[in-house]
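Working notes for the structure below.
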Amino acid sequence: MRTEVVLVAGPADHDVAEELWRACPGSVLVRHDLRDLAGGVVRRWVDGELTVLELAHGCVSCTLRLDLLPLLERLGGRVVVHLDPALEPDAVCFALREVDVRVEAVITVVDRDTWLTDATGEESLADRGLAAAEGDDRTVAQVVVGQAEFADALVLTGVATDPVLDAVLDRLNPRAPRRDRHALDVPALLAAVPGDARRGRVDDGFGALLHGQPPLEPAHGVTVVHFVERRPFHPVRLHEALDVLFDGVVRTRGRVWIASRPDAALWLESAGGGLSVGDLGPWLAAVDDWSEFPAERRAVASATWHPEHGDRSQELVVITAAPGAPEEIVAALRAALLTDEELALADELQFVDPFAEWHDEMEEL
């Protein structure tokens with residue numbers, strides 16, 4: 036029997052996963068506690084029965100590969116998985132591609148009283164005692180924003196009502212239905228998930244950055260900045276400009292083209308005070324054979340092809356709740372682009388690349 040999974044992400048102390056489990060007769064509830072993962076110990080509950088696992092290597096990927104994936108295949112039927120608060124559902128869904136498991140929905144619990152502060156803060160998971168392993172330098176903002184962004188539906192807890200939070204969620208994940216925990220109707224929540232929802236599908240980084248047609252006009256001080264340009268960034272000036280993506284910014288996501296790496300598409304992502312840069316692989320303009328690339332990407336590249344730069348471009352989406360930030364963000368990013376003179380000499384110039392120090396840490400997404 037194929038396993039159908041509902042993943043529930045968010046704070047550790049919510050009972051939404053149990054509510055989903057109780058509302059689905061015959062389902063199984065699985066929960067992991069990764070607080071002692073650095074020591075190679077994982078606690079796992081299946082329908083309330085505790086098993087203490089000892090792993091040779093204390094890491095999230097080991098937990099997924101050695102325990103959760105085979106467990107889900109073995110259980111079959113519907114399984115509700117209450118994720119540890121340090122886990123991001125997109126990473127779990129990426130791992131699930133290796134097994135015969137279908138993601139029915141990803142549900143994220145958002146605490147109205149704390150989420151916006153967390154999403155714009157600089158506190159690390161380690162500061163909270165939530166780091167999944169030694170060396171886990173993610174921020175709380177990166178996790179809570181990623182959990183809400185990837186969800187097929189959101190359940191809101193807490194009592195405070197904040198129009199700013201609502202405006203942020205409207206732009207971060209406009210298509211996900213939102214329901215209050217105190218009046219939660221599980222069948223109605225699952226039925227409200229759009230038929231073409233993500234349901235665990237992980238983007239390759241070259242798809243649309245604006246999903247679900249979010250409102251682009253400002254509301255309650257929350258604004259979406261969509262920055263698109265067809266010339267490369269100067270690597271030093273871009274590095275210096277990154278500070279503008281932290282103060283009051285909830286989320287930045289996008290593809291970056293820098294002059295020192297003309298053939299490589301970089302992925303830049305920030306949330307609150309956390310930033311990550313990854314390697315998306317080559318631009319199609321740098322590749323002779325396109326046959327191994329997805330048809331959708333080939334079609335988009337052909338439709339937007341530049342006679343000189345090919346598919347190379349800058350495209351960043353920024354959601355900010357800071358007054359005056361949109362104009363500052365656009366000005367800083369534009370100032371980081373190559374000037375006409377630099378562009379004309381780009382093949383001859385030797386650019387200092389401050390991103391080189393991250394090169395060994397980048398993983399192709």
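In short: position in the sequence shown from 1, add 35, done, that's our numbering.
Quick reminder that beta carbons are idealized off the backbone N, C-alpha and C, glycines included.
Thinking C-beta only, is residue j closer than 7 Å to residue i?
{"i": "residue 134", "j": "residue 104", "result": "yes"}
{"i": "residue 350", "j": "residue 290", "result": "yes"}
{"i": "residue 143", "j": "residue 44", "result": "yes"}
{"i": "residue 356", "j": "residue 257", "result": "yes"}
{"i": "residue 184", "j": "residue 207", "result": "yes"}
{"i": "residue 39", "j": "residue 137", "result": "yes"}
{"i": "residue 17", "j": "residue 41", "result": "Absent from the structure is residue 17, since the part of the chain shown begins at 36 and ends at 400."}
{"i": "residue 266", "j": "residue 372", "result": "yes"}
Hey, how far is the Cα of residue i from the Cα of residue j?
{"i": "residue 127", "j": "residue 99", "result": "7 Å"}
{"i": "residue 337", "j": "residue 262", "result": "21 Å"}
{"i": "residue 332", "j": "residue 149", "result": "38 Å"}
{"i": "residue 302", "j": "residue 242", "result": "12 Å"}
{"i": "residue 422", "j": "residue 221", "result": "Limits of the chain in this structure are 36 at one end and 400 at the other, which puts residue 422 out of reach."}
{"i": "residue 325", "j": "residue 312", "result": "25 Å"}
{"i": "residue 396", "j": "residue 230", "result": "With a pLDDT of 46 at residue 396, under the threshold of 50, the predicted position of this residue should be treated as unreliable, though the coordinate-derived value follows. When rounded, the distance between both Cα atoms is 37 Å."}
{"i": "residue 238", "j": "residue 76", "result": "31 Å"}
{"i": "residue 252", "j": "residue 72", "result": "44 Å"}
{"i": "residue 382", "j": "residue 390", "result": "19 Å"}
{"i": "residue 284", "j": "residue 354", "result": "6 Å"}
{"i": "residue 197", "j": "residue 60", "result": "35 Å"}
{"i": "residue 365", "j": "residue 307", "result": "18 Å"}
{"i": "residue 78", "j": "residue 90", "result": "11 Å"}
{"i": "residue 63", "j": "residue 129", "result": "22 Å"}
{"i": "residue 398", "j": "residue 314", "result": "At residue 398 the pLDDT is 45, less than 50, meaning the model places this residue with poor confidence and gives no usable figure here."}
{"i": "residue 273", "j": "residue 281", "result": "14 Å"}
{"i": "residue 46", "j": "residue 54", "result": "15 Å"}
{"i": "residue 166", "j": "residue 385", "result": "39 Å"}
With DSSP run on the structure shown, which of helix, strand or coil describes residue i?
{"i": "residue 349", "result": "strand"}
{"i": "residue 57", "result": "helix"}
{"i": "residue 361", "result": "helix"}
{"i": "residue 262", "result": "strand"}
{"i": "residue 150", "result": "helix"}
{"i": "residue 123", "result": "coil"}
{"i": "residue 188", "result": "strand"}
{"i": "residue 323", "result": "coil"}
{"i": "residue 163", "result": "helix"}
{"i": "residue 201", "result": "helix"}
{"i": "residue 390", "result": "helix"}
{"i": "residue 84", "result": "strand"}
{"i": "residue 222", "result": "helix"}
In the DSSP output, what is residue i paired with across the bridge?
{"i": "residue 282", "result": "According to DSSP, residue 282 bridges with nothing at all."}
{"i": "residue 268", "result": "293 and 372"}
{"i": "residue 243", "result": "None, per the DSSP bridge assignment."}
{"i": "residue 96", "result": "Answer is none; residue 96 lacks a bridge partner."}
{"i": "residue 112", "result": "38"}
{"i": "residue 89", "result": "76"}
Which whole-angstrom value is the C-beta distance of residue i and residue j, which I expect to be below 8 Å?
{"i": "residue 213", "j": "residue 51", "result": "The Cβ separation is near 13 Å, so there is no contact."}
{"i": "residue 294", "j": "residue 328", "result": "At roughly 24 Å, the Cβ-Cβ gap does not stay under 8 Å, so residue 294 and residue 328 are not in contact."}
{"i": "residue 56", "j": "residue 115", "result": "5 Å"}
{"i": "residue 187", "j": "residue 113", "result": "Contact flag wrong, Cβ pair sits at about 15 Å."}
{"i": "residue 154", "j": "residue 69", "result": "Contact doesn't hold; Cβ gap of about 21 Å is too wide."}
{"i": "residue 244", "j": "residue 288", "result": "6 Å"}
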